[in-house]
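Novice: Structure incoming, see below.
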Amino acid sequence: MCGIVGAIAEREVREILLEGLKRLEYRGYDSAGIALISQKKNGDPFIDTVKTVGKVNKLQSAVKSSKLSGRVGIAHTRWATHGKPSVTNAHPHRSGEDIALVHNGIIENFEALRSVLVKEGYGFESDTDTETIAHLIHQRRVKGDSLLEAVKATVKRLEGAYGLCVIDNNEPDKLIVARSGSPLVIGVGIGENFVASDPLALGQVTDRFIYLEEGDIAQIEREEISIWHKSKKVKREITTVLHQAGDTEKGQYQHFMLKEIFEQPRVIQETLDGRVSKTSVLEQAFGIEAPAIFDQVQSVQIVACGTSSHAGLVAKYWLESIAKIPCQVDIASDYRYRDIIVQPGTLFVTISQSGETADTLAALRYAKKLKYVASLAICNVATSSLVRESDISMLTMAGQEIGVASTKAFTTQLAILLVMAIVLARRTGLSAEKEKKLVKELHKLPHVIEKTLGLHRQIKTISKQFSDKHHSLFLGRGIQYPVAKEGALKLKEISYIHAEAYPAGELKHGPLALVDNKMPVVAVAPNNDLLGKLKANLSEVSARGGKLYVFADESIKYQSEKRIKVINVPSCSEILAPIVFTVPLQLLSYYVALTKGTDVDHPRNLAKSVTVE
Ligand code: AGP
60 MCGIVGAIAE REVREILLEG LKRLEYRGYD SAGIALISQK KNGDPFIDTV KTVGKVNKLQ
120 SAVKSSKLSG RVGIAHTRWA THGKPSVTNA HPHRSGEDIA LVHNGIIENF EALRSVLVKE
180 GYGFESDTDT ETIAHLIHQR RVKGDSLLEA VKATVKRLEG AYGLCVIDNN EPDKLIVARS
240 GSPLVIGVGI GENFVASDPL ALGQVTDRFI YLEEGDIAQI EREEISIWHK SKKVKREITT
300 VLHQAGDTEK GQYQHFMLKE IFEQPRVIQE TLDGRVSKTS VLEQAFGIEA PAIFDQVQSV
360 QIVACGTSSH AGLVAKYWLE SIAKIPCQVD IASDYRYRDI IVQPGTLFVT ISQSGETADT
420 LAALRYAKKL KYVASLAICN VATSSLVRES DISMLTMAGQ EIGVASTKAF TTQLAILLVM
480 AIVLARRTGL SAEKEKKLVK ELHKLPHVIE KTLGLHRQIK TISKQFSDKH HSLFLGRGIQ
540 YPVAKEGALK LKEISYIHAE AYPAGELKHG PLALVDNKMP VVAVAPNNDL LGKLKANLSE
600 VSARGGKLYV FADESIKYQS EKRIKVINVP SCSEILAPIV FTVPLQLLSY YVALTKGTDV
660 DHPRNLAKSV TVE
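Going by this note's numbering, 154 is the number at position 95 of the sequence shown; the sequence numbering is gapless.
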């Protein structure tokens, strides 16, 4: 995913910008570039640009051997969506000699805008949607608008998502930035200011940040920052972030697992940023070739291991109910040794946190010999083998996950899979109105997860009742069955309590025999059509002396009784429920393990990345 850094200072900014890009490397990219407002010998300002394909250190070497210098500038790491990775397609993009800009996100109506610009005589050097924005700004500038007015007018014409940072050598003392659907943060300095798509990029120069809100446009000068929202000048709070605990530090948390559980609202937001506009999903975010590939898809084959395979099982329900597309999910270690019959029009999807899981990689290599439409990797590591060997990929933005038990990787995988289901559903008749409704729900997700994390104290208390148990059952119905499976996996992985997940309707076909007063039974009960049936299954448990722990949507007002402990989960729509209900189960397993005193982050016998068969 793309990254933006900008700076305006009294000192040289090129090293600040390059360091910022280095810090954004973890997000994945294929090319990088930098533009500074330099001075000609006669003192006139001009924009000087250096761009390279590949890693930031390539850009660093190119900059070193150039004369690039300046106190105002912008820089960018690009992950191709429109046009292949190349120097011409790398940002910053120019319009004439005067304007340069960097952009994160996708402009959905760029083709229409581009053809209008071409008719007006603008020539295009790149295949990107971004160059269109540079020319639109230029068009306003020649009509007499200031740079700020030109950007304000231009963003009104853009559909899709953008985080923008623009410079103009005719107004060399400012950066103009705008955000909608892609994050931007202003770094506040003394006599100098900065901008970035992620505050991490600016950790070396400031600890004071202004988080821009959706629709904000700002003018950043050395001594002043002015922000507008819907044409009104607004004040935004400055937040001091004394020390941003990186992915490899625990910060205030006792364990990485707990930290990673609590990071979920932020990383889910970051995973959605630039992939979803206000009203629709942005399918180009899957890569340049993605739309043509998705056009051919009639069914989906998902292959993964462990937690990632549970994400696949949830996705099966979404693909079938939203996209009306059949989906098969296989465990990679099983798939790779089977005789596979590929139905025409099948997309092969792998899901993996690490992108190095031996069985998943072997399954991909096997699948590439078969007649799939293409391979898509949903992965958390941009440089992994899985991403490199797949035709297209979509990165989860979970950041590095250190705890062996996967938490934030799982929920960000689910967020991407839901986006994928919507993208495919467009081709099978999902109306723009329905898409808008689903996207509206997706935008609520970080907030609902944040509220759900508020259950941690209550869950810590009940976790004590599990610490002397040796066995447990997890129940869910329909799309909640994989959620129950994930809950059971978490518990056994870090607390070493045997945990078995069942579709609740299967109980009476065998596992009910296990139920007695020593067997805790955990159930997930969202507010959906299967609730009545689930309640009936749960009565079967309490009638046999089993102790139930029911995580129930608060709107259903499930009542605690002698043998039933109800934990009310913040209400959410059916579509978000698998993601939301995962969170209390993660917390439950964490607190049970904490009480038992096991090694939460490094459970016995397990490795974070399983690179052997
Ligand atoms: C889950 O908590 C485990 N760490 C494990 O099941 C994991 O999901 C599995 O090994 C797959 O790893 P991957 O996502 O990196 O491919």
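Every residue gets a Cβ at the ideal spot worked out from N, C-alpha and C, and that includes glycine.
For His529, I'd like the list of residues in its chain whose CB is within less than 7 Å of its CB, leaving aside the five on either flank, ordered along the chain.
Specialist: The residues are Ile556 and His557.
Novice: By DSSP, does Ile475 sit in helix, in strand, or in coil?
Specialist: Of the three classes helix, strand and coil, the one that applies to Ile475 here is helix, per DSSP.
Novice: Which residue comes first and which comes last in the alpha helix (DSSP H) that contains Ile638?
Specialist: Element bounds for Ile638: Ala636 to Lys655.
Novice: If you follow the alpha helix (DSSP H) that Pro541 is part of, which residue opens it and which one closes it?
Specialist: It spans Gln539 to Ser554 - the alpha helix (DSSP H) in which Pro541 sits, taken as one unbroken run.
Novice: Under 7 Å from any heavy atom of the ligand AGP, does the C-beta of Ser449 make it?
Specialist: Answer for Ser449: no, Cβ out of range of the ligand AGP.
Novice: Thr265 and Ile384: beta carbons closer than 8 Å?
Specialist: Result no, Cβ atoms of Thr265 and Ile384 do not sit closer than 8 Å.
Novice: How long is the line joining the alpha carbons of Glu190 and Ser154, rounded to whole angstroms?
Specialist: Approximately 7 Å, taken between the alpha carbons.
Novice: Is it buried or exposed for Gly605, if we count other Cβ within 10 angstroms and need 16 for buried?
Specialist: Burial call: buried.
Novice: Give a yes or no on contact between the segment 461-469 and the segment 315-322, applying the rule of three or more CB pairs nearer than 8 Å.
Specialist: Touching, per the Cβ criterion.
Novice: Kindly indicate which residue of Ile623, Val581 and Ser598 has the alpha-carbon position closest to the one of Leu646.
Specialist: For Leu646, the nearest C-alpha among the options comes from Val581.
Novice: Start and end of the beta strand (DSSP E) containing Asp107?
Specialist: Unbroken beta strand (DSSP E) run through Asp107: Pro104 to Val112.
Novice: In chain order, what residues of the same chain have a beta carbon less than 7 Å from the beta carbon of Ala652, not counting five sequence neighbours either side?
Specialist: Excluding sequence neighbours, Ala652 sits near Ile553, Ser554 and Val659.
Novice: Would the C-beta of Leu548 count as close to the ligand AGP, meaning under 7 Å from any of its heavy atoms?
Specialist: Checking the Cβ of Leu548 against the ligand AGP gives yes.
Novice: When the distance is taken between beta carbons, is Leu589 closer than 8 Å to Ala537?
Specialist: The question names Ala, but residue 537 is Gly in the sequence shown. Yes. Within cutoff.
Novice: For a minimum of 4 consecutive residues, which ranges assigned as the alpha helix (DSSP H) are wholly contained in the segment 94-175?
Specialist: You should have 115-123.
Novice: Nearest to Ile284 by alpha carbon, out of Val244, Gly310, Ser256 and Lys549?
Specialist: The shortest Cα separation from Ile284 among Val244, Gly310, Ser256 and Lys549 belongs to Val244.
Novice: Taking only the alpha-carbon atoms, compute the straight-line gap between Gly274 and Tyr221 and give it to the nearest angstrom.
Specialist: Going from the Cα of Gly274 to the Cα of Tyr221 covers about 10 Å.
Novice: Return the CA-CA distance between Tyr394 and Leu406, expressed in angstroms with no decimal places.
Specialist: Answer to the nearest angstrom: the Cα atoms are 15 Å apart.
Novice: Should Gly365 be counted as a contact of the ligand AGP given a C-beta to heavy atom distance under 7 Å?
Specialist: Yes, the beta carbon of Gly365 sits closer than 7 Å to at least one heavy atom of the ligand AGP.
Novice: Rounded to whole angstroms, what is the Cα-Cα separation between Ile75 and Leu207?
Specialist: So the two alpha carbons sit approximately 24 Å from each other.
Novice: Using only CA atoms, which one of Leu223, Gly246 and Asn168 lies nearest to Tyr216?
Specialist: Sequence inspection shows Arg at residue 216; the Tyr mentioned does not correspond to that position. Selected option, being the one with the closest Cα: Asn168.
Novice: Please classify Gln311: is it buried, with 16 or more other beta-carbons within 10 angstroms of its beta-carbon, or exposed?
Specialist: Flag for Gln311 reads exposed.
Novice: I want to check one thing, is the minimum distance from the CB of Ser359 to the heavy atoms of the ligand AGP below 7 Å?
Specialist: One detail in the question is off: residue 359 reads as Val in this sequence, not Ser. No, the ligand AGP has no heavy atom inside 7 Å of this Cβ.
Novice: Could you pull out every residue in the same chain whose Cβ sits closer than 6 Å to the Cβ of Ala139, ignoring the five residues on either side in sequence?
Specialist: Same-chain partners within the cutoff: Asp89 and Ile347.
Novice: Measuring straight from C-alpha to C-alpha, what distance separates Gly262 and Val254?
Specialist: Answer to the nearest angstrom: the Cα atoms are 11 Å apart.
Novice: Using 10 angstroms around the beta-carbon of Pro403, count the other beta-carbons present and answer buried if the total reaches 16, otherwise exposed.
Specialist: Counting Cβ neighbours within 10 Å, Pro403 comes out exposed, since fewer than 16 surround it.
Novice: Under 6 Å Cβ to Cβ from Gly129, same chain only, skipping five residues before and after it: list those, please.
Specialist: Answer for Gly129: Leu95, Ile96 and Ser97, listed in chain order.
Novice: DSSP state of Val388, grouped into three classes?
Specialist: Looking at Val388 - three-state DSSP - the assignment turns out to be strand.
Novice: Does the ligand AGP have even one heavy atom less than 7 Å from the beta-carbon of Glu342?
Specialist: Flag unset: Cβ of Glu342 not near the ligand AGP.
Novice: Quick one: does the C-beta of Ala543 sit closer than 7 Å to a heavy atom of the ligand AGP?
Specialist: No, the beta carbon of Ala543 sits no closer than 7 Å to any heavy atom of the ligand AGP.
Novice: Work out the CA separation of Leu372 and Gln387 for me, nearest whole Å.
Specialist: So the alpha carbons of these two residues sit roughly 8 Å apart.
Novice: At the level of alpha carbons, what is the spacing between Val542 and Glu251?
Specialist: For Val542 and Glu251, the distance between alpha carbons rounds to 48 Å.
Novice: On the DSSP bridge list, what partners appear for Cys224?
Specialist: Answer is Val161 and Val236.
Novice: If you run the structure through DSSP and keep just helix, strand and coil, what is Asn596?
Specialist: Helix.
Novice: Which residues does DSSP list as the beta-bridge partners of Ala584?
Specialist: According to DSSP, which records beta bridges pairwise, Ala584 is partnered with Ala611.
Novice: Look up Lys624 in the DSSP assignment and say whether it is helix, strand or coil.
Specialist: In the structure shown, Lys624 sits in a strand (DSSP, three-state: E or B).
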